[in-house]
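Everything on this sheet refers to the single structure shown next.
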Amino acid sequence: MRFVYLLIVLGFPLVDLYATVRIARLTQVPVWVWLGLPLIAGCLLLRNERLAFRAHTSATMHGEYSLLRGLLDSGRKVLAAFLLMLPGILSDVMALLLLALPLNIGRGEYAREAVGANRAGTPRNVFDGDYRRLD
Numbered sequence: 641m642r643f644v645y646l647l648i649v650l651g652f653p654l655v656d657l658y659a660t661v662r663i664a665r666l667t668q669v670p671v672w673v674w675l676g677l678p679l680i681a682g683c684l685l686l687r688n689e690r691l692a693f694r695a696h697t698s699a700t701m702h703g704e705y706s707l708l709r710g711l712l713d714s715g716r717k718v719l720a721a722f723l724l725m726l727p728g729i730l731s732d733v734m735a736l737l738l739l740a741l742p743l744n745i746g747r748g749e750y751a752r753e754a755v756g757a758n759r760a761g762t763p764r765n766v767f768d769g770d771y772r773r774l775d
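What follows is the structure, given as structure tokens:
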């Protein structure tokens, strides 16, 4: 059984590169374009997700964002970034499908609840302060 797993792990990149070369020959686009552009996109996605993960973690600490939802969303994007960085078009298609999954369907209800009031029950859109009317 271990040999089957080893064959899958070692065989997928070879099949992926073969499919990339065939598609590059079919579309008359150089192979380095099919390999280079997703690599750059994966690096940018990973960098942006690192910055967004910091913001989500901070929002989670303040009770404005669900911890599990943030981890699931961040993990999905990191996995998609690594799939984009793998050489080959099949892994790129899997990464794009992973990014297109609507995993945050129930987010609207939680977002409305979090925007409306904080844990103490005070509205978030009310600012304390003094004002003076000028006529």
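If you read the sequence shown in our numbering, its first letter stands for residue 641, the second for the next number, and so on. A virtual CB, placed ideally from N, CA and C, is assigned to each residue, including glycine.
{"Asked": "With a cut-off of 8 Å, do at least 3 Cβ pairs link the region 717-732 to the region 675-689?", "Found": "yes"}
{"Asked": "Does the beta-carbon of residue 657 have 16 or more other beta-carbons within 10 angstroms, so that it is buried, or is it exposed?", "Found": "buried"}
{"Asked": "Would you report the Cα separation of residue 736 and residue 724, rounded to the nearest angstrom?", "Found": "8 Å"}
{"Asked": "Evaluate residue 713 with the Cβ neighbour count: other Cβ atoms within 10 Å of its Cβ, from every protein chain shown; 16 or more gives buried, anything less gives exposed.", "Found": "buried"}
{"Asked": "Using DSSP with H/G/I as helix, E/B as strand and the rest coil, what is residue 658?", "Found": "helix"}
{"Asked": "Would you kindly work out how many angstroms separate the C-alpha atoms of residue 659 and residue 681, rounded to a whole number?", "Found": "20 Å"}
{"Asked": "By Cβ distance, which residues of its chain are closer than 6 Å to residue 678, with the 5 residues on each side in sequence left out?", "Found": "724, 732"}
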